[in-house]
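**Student:**
Residue numbers (UniProt numbering): 1 to 669.
1) Could you pull the DSSP bridge partners for residue 347 from this structure?
2) Might you give, ordered along the chain, the residues of its own chain that have their beta carbon closer than 7 Å to the beta carbon of residue 124, omitting 5 neighbours on each side?
3) If you run the structure through DSSP and keep just helix, strand and coil, what is residue 558?
4) Tell me, please, whether the region 247 to 254 touches the region 184 to 196 by the rule of three or more beta-carbon pairs shorter than 8 Å.
5) Pick helix, strand or coil for residue 230, following the three-state DSSP scheme.
6) What does a CB cutoff of less than 6 Å around residue 284 pick up in its chain, not counting 5 residues either side in sequence?
7) First and last residue of the alpha helix (DSSP H) that includes residue 186?
8) From residue 94 to residue 203, what does the alpha carbon distance come to, in whole angstroms?
9) Quick one: using the 10 Å Cβ neighbour count with 16 as the cut-off for buried, is residue 404 buried or exposed?
10) Let me know the secondary structure DSSP gives residue 506 once reduced to three states.
11) Taking buried to mean at least 16 other C-beta atoms within 10 Å of its own C-beta, is residue 309 buried or exposed?
12) Please name the residue or residues paired with residue 546 in a DSSP beta bridge.
13) Check whether the Cβ atoms of residue 226 and residue 210 lie closer than 8 Å to each other.
14) Look at residue 320 and residue 351 and say whether their C-beta atoms are less than 8 Å apart.
15) Using three-state DSSP, classify residue 111 as helix, strand or coil.
16) Under 8 Å: do the region 368 to 378 and the region 431 to 449 share three or more Cβ pairs, one atom per stretch?
17) CA-CA distance, residue 642 and residue 655?
18) Under the rule that 16 or more other beta-carbon atoms within 10 Å means buried, what is residue 167, buried or exposed?
19) Should residue 230 go down as buried or exposed, given a rule of 16 or more other Cβ atoms within 10 Å for buried?
20) So what does DSSP say about residue 95, is it helix, strand or coil?
21) In the DSSP assignment, find the unbroken alpha helix (DSSP H) run with residue 252 in it and report its ends.
22) State buried or exposed for residue 146, treating a residue as buried only when at least 16 other CB atoms are found within 10 Å of its CB.
23) Cβ of residue 369 within 7 Å of any heavy atom in the ligand PLP?
24) I want to know whether the region 551 to 571 touches the region 391 to 401 - three or more CB-CB distances under 8 Å.
25) When the Cα atoms are used, what is the spatial distance from residue 568 to residue 580?
26) Output the distance between the C-alpha atoms of residue 278 and residue 216, rounded to the nearest integer angstrom.
27) In whole angstroms, what is the alpha-carbon distance linking residue 294 and residue 236?
28) Roughly how many angstroms separate the alpha carbons of residue 129 and residue 44, rounded to a whole number?
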């Protein structure tokens, strides 16, 4: 293996793609591979399992290098097979070296070559193909190493590797794996030291993390999928993307701000995983884009948001306040006003994602709230959870705008159809989240809220000598230390500007100065911020208890309550009718009562659950602004208050009254 790190070899300036497990032993895959399209100026990573023979390697490499300007390859288990009577009889490392030699014939870069700095789209980044094998450590804790193969055999799962992949000259595949891990760990460490500011694109046929190996049809095949020794490599080596193959399931996951990509595979009938053959076939010409650089202005914008988080938050708040003040100043401009509000909310959602990634890359992340820990855990663990939660948030942020647009286009009948449709979408999303989290209570919001950004991210150029407003930096010292010609020293001026409890105290007899003491509240808050609570050390999955029986029914009823109320309102012809209002409130109250009366609910309730139910309790106050209660009671009270208010405030209340009377989502929780 080359001991040098990243070479000075120039890379293409286009996009970087990846594909894995093309399995050219199958005739249909060879036909599909021959149709691989040309990508001028782009690069391609082959994530192993191109085939079993030298001919398969040559077919793969010749076509790849003909279509792409740069090609990388990392070996899979199939390339390392010793196929007696069908090619080379080399075993273990000797077979691996033969594959490397064939790759070099076509100028394909391998794990034994220098890592290369990618300068194309999404760069710069160091492309690091590696080879780690597996050591049977991807198994449940209760299964011993000695009993691992027997454990897998109980479900008729034994990899072909046990018969065709030999570890020579090492005694076992486990020993070979450990030697490979040590070898590439050293190389990655050196690369990280040489390029501390550059992220890595790590490509390996086997998965780096056990939690990413999810095989619903052959779960015990995980034994042959990697090693726990690489579990933290994406953090240790600042990986931007980790690419793997082997399991034949196309997916994208995120861990600690790093993207884990399983690119498309082509085998309709995989050799080592026949049970996965029910997966749809993907053509061999399908490749996944790994690094895609957005337009330069977008990259600059993302950097600006990260470095100026507090200012961006202030701008967002100002824009929201503007839309709150003028919701209906001009009746025909209601859609324009709500469009601005919805746009700001969606933009904030994008900013939250950017800032969350920035915080996750800190060497020591800040202490997070229970809500942030719980939602971040599920968002990182399940891509499906993240997509469903994002869809739910986007619907919530834009629902009033959709309702206004529907009324403008199709009248009241069209408006109610859209209202029921949106409530149905929200209910489906929440039911899916309930299922994904294994019947745990739905939290609001389902995604992590924005976290405070430390100074070292939001203001990386801040120097220790920088002073806060009101300090010496605000005074232009002239005439040998005087301020604008005055004879008062700058320190005296500063002391005068401080509050009395913040000034130094000078002893009348000795003339010595004593520094001011901090406020007692400051001491308490400082000490409390250093105290760990039970929730701080509790696993994320334990922050909410799994709901069973009546508790589960209560959560489902709470989720369906808005949909039931919307349907009842749509069917009602009289806005002053109490029937829809009573139905909606009864369902909501029944859900709360069921939760309170569920067996042992009060004993098992966690702080996060209590916070969520407190939010739901406060949100029930909105029932005073809905349906018949508003039309018969609240409306008269609002009119009376607005008449007694100054004209400006009364005008704002009248504008909101217009929204409350005409739009369902203006008072929905």
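Think of the CB as a built atom: it goes at the ideal place given N, C-alpha and C, for glycine as much as any other residue. Computed from a predicted model, the values in this text were never measured in an experiment.
**Tutor:** Per the coordinate set shown:
1) By 1-based counting over the chain shown, the position of residue 347 is 347. Residue pairing for residue 347: DSSP places it in no beta bridge.
2) The sequence position of residue 124 within the chain shown is 124, counting from 1. In chain order, 117, 118, 198 place their CB closer than 7 Å to the CB of residue 124, counting only its own chain and leaving out the 5 sequence neighbours on each side.
3) Working through the chain shown from its first residue, we reach residue 558 at position 558. Looking at residue 558 - three-state DSSP - the assignment turns out to be helix.
4) Fewer than three pairs of CB atoms, one per stretch, sit closer than 8 Å, so the region 247 to 254 makes no contact with the region 184 to 196.
5) For the purposes of this step, residue 230 is identified with residue 230 of the chain shown, where counting begins at 1. Three-state result, residue 230: helix.
6) In the chain shown, counting from the first residue as 1, residue 284 sits at position 284. In this prediction, residue 284 has a pLDDT of 43, which is less than 50 and means its spatial position is unreliable; what the coordinates show is noted afterwards. Within the same chain, 22, 29, 32, 33, 266 come within 6 Å of residue 284 by CB-CB distance, once the 5 residues on both sides are set aside.
7) As a working mapping, residue 186 is identified with position 186 in the chain shown. In the DSSP annotation of this structure, the continuous segment of the alpha helix (DSSP H) that includes residue 186 starts and ends at 173 to 194.
8) As a first step, residue 94 must be located in the chain shown, where it is residue number 94. As a first step, residue 203 must be located in the chain shown, where it is residue number 203. Taking the straight line from one Cα to the other gives about 22 Å.
9) The count along the chain shown starts at 1 and reaches residue 404 at position 404. The residue is buried, with at least 16 neighbouring Cβ atoms inside 10 Å.
10) Within the chain shown, residue 506 is the residue found at index 506, counting from 1. The three-state secondary structure of residue 506, taken from DSSP, is strand.
11) Indexing the chain shown from 1 puts residue 309 at position 309. Under this definition residue 309 is a buried residue.
12) Reading the chain shown from its first residue, position 546 is the one you call residue 546. Here residue 546 is bridged, per DSSP, to 440.
13) Within the chain shown, the letter at position 226 stands for residue 226. Within the chain shown, the letter at position 210 stands for residue 210. Yes, the Cβ-Cβ distance between residue 226 and residue 210 is below 8 Å.
14) Here residue 320 refers to the residue found at position 320 when the chain shown is read from its first residue. Here residue 351 refers to the residue found at position 351 when the chain shown is read from its first residue. Not a contact, by the Cβ cut-off of 8 Å.
15) Stepping through the chain shown from its first residue, residue 111 is reached at position 111. Here residue 111 sits in coil by DSSP.
16) The region 368 to 378, when compared against the region 431 to 449, does touch it at the 8 Å Cβ threshold.
17) Taking the chain shown and counting its residues from 1, one reaches residue 642 at position 642. Taking the chain shown and counting its residues from 1, one reaches residue 655 at position 655. Rounded to whole angstroms, residue 642 to residue 655 spans 11 Å at the Cα level.
18) The residue you call residue 167 lines up with position 167 of the chain shown. The Cβ neighbour count for residue 167, taken over all protein chains shown within 10 Å, is at least 16; the residue is labelled buried.
19) Numbered from its first residue, the chain shown carries residue 230 at position 230. Looking at its Cβ environment, which holds 16 or more other Cβ atoms inside 10 Å, residue 230 is buried.
20) Counting from 1 along the chain shown, the entry for residue 95 is found at position 95. Helix, per DSSP.
21) Along the chain shown, read from residue 1 onward, the residue named residue 252 stands at position 252. Run containing residue 252: none in the alpha helix (DSSP H); it sits in the beta strand (DSSP E), 251 to 255.
22) Numbered from its first residue, the chain shown carries residue 146 at position 146. Per the 10 Å Cβ criterion, exposed.
23) Of the ligands one can find in the structure shown there are none, so the ligand PLP has no counterpart to examine.
24) Taking a cut-off of 8 Å on C-beta distances, the region 551 to 571 does not touch the region 391 to 401, as fewer than three cross pairs fall below it.
25) Taking the chain shown and counting its residues from 1, one reaches residue 568 at position 568. Taking the chain shown and counting its residues from 1, one reaches residue 580 at position 580. One C-alpha to the other measures close to 5 Å.
26) If you number the chain shown from 1, residue 278 lands on position 278. If you number the chain shown from 1, residue 216 lands on position 216. The predicted model places residue 278 with a pLDDT of 30, which falls under 50 and marks its position as unreliable, so this point remains unresolved.
27) Residue mapping note: residue 294 aligns to position 294 of the chain shown, counting from 1. Residue mapping note: residue 236 aligns to position 236 of the chain shown, counting from 1. Confidence is the limiting factor: at residue 294 the pLDDT is only 46, short of 50, which leaves the residue's position unreliable and the question unanswerable from this model.
28) For the purposes of this step, residue 129 is taken as residue 129 along the chain shown, with counting starting at 1. For the purposes of this step, residue 44 is taken as residue 44 along the chain shown, with counting starting at 1. Separation of residue 129 and residue 44 (C-alpha to C-alpha, rounded to the nearest whole angstrom) is 12 Å.
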